[in-house]
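Following: one structure in structure tokens, then a few remarks.
Residue numbers (the numbering used here): 218 to 335.
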């Protein structure tokens with residue numbers, strides 16, 4: 218019998234961005250790895266042709282990028298205005314999380330929203 222083995226494509230840690238009650242977007246360790254935040258310190262957000270939210274990673278800033286800041290071992294984005302544009306109530310008791318999926322284009326990632334009700 219011939220068996221074709223499937224190799225894991227994901228890191229061991231889940232790649233997600235969590236909306237904090239302060240209006241910040243916090244990156245999980247898996248997200249830090251996947252998005253290569255040691256190299257890419259700026260991000261743009263937009264929608265693809267299917268109206269899916271995407272994050273694009275950049276090593277240099279321009280007038281459309283959000284700065285990715287570091288506090289200790291963790292990275293975050295001050296994103297109150299972005300969250301308001303996306304109609305996300307960051308002060309809600311519910312937890313909003315974006316799961317990150319790699320896209321075909323380099324440094325382009327799809328963000329899949331899910332809400333954990335409290």
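The C-beta atom is built at its ideal place from N, Cα and C for all residues, glycine as well.
*Would you tell me roughly how many angstroms separate the C-alpha atoms of residue 277 and residue 285, rounded to the nearest one?*
11 Å
*Beta-bridge pairing of residue 312 - partner residues as DSSP gives them*: 333
*For my contact list, residue 275 and residue 262 are in at a C-beta cut-off of 8 Å; report their separation, rounded to the angstrom.*
Not quite, the Cβ-Cβ distance comes to about 12 Å (not below 8 Å), so this is no contact.
*From 236, 219, 253, pick the residue whose C-alpha is nearest to that of residue 319; which is it?*
253
*Name the DSSP beta bridge partners of residue 235, please?*
243, 314
*asked:* Which complete alpha helix (DSSP H) runs does the region 271-309 hold, if anything under 4 residues is left out?
replied: 297-302
_Where the beta strand (DSSP E) containing residue 260 begins and where it ends_ = 259-264
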